[in-house]
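A.B. asks:
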Amino acid sequence: MPEISRFYGIIIKMFFKPKEHEPSHIHANVEKLQIMWDTQNIYKLNPLE
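In the numbering used here, the protein residues as written are 522 to 570.
1. Would you report the Cα separation of R527 and I533, rounded to the nearest angstrom?
2. My assumption, with CB atoms under 8 Å, is that H548 sits in contact with T560. Please give the rounded CB distance.
3. Out of F536, I525 and I531, point me to the one whose CA is closest to K553's CA.
4. I need the boundaries of the beta strand (DSSP E) containing S526, first residue and last residue.
5. Which same chain residues end up closer than 8 Å to E524 when comparing Cβ atoms and leaving out the 5 residues on each side of it in sequence?
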């Protein structure tokens, strides 16, 4: 999963290859928190914990 940005301790990564990891989505990680967004519909895939 390529890292596309890193700032203030937040790491942004993106899954985008078809059939390798569906659906295409973006991860934002900071410490132990992880948030995922669908790249086609721009909606959050998981709730905040």
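Each residue gets a CB set at the ideal place from its N, CA and C atoms; glycine is no exception.
C.D. replies: A quick look at the data gives this:
1. Each residue's alpha carbon lies about 6 Å from the other.
2. With 8 Å as the limit, H548 and T560 do not qualify as a contact, their Cβ atoms being about 11 Å apart.
3. It is I531 whose Cα lies nearest to the Cα of K553.
4. In the DSSP assignment, S526 falls within the unbroken beta strand (DSSP E) covering E524 to F528.
5. I532, I533 and K534
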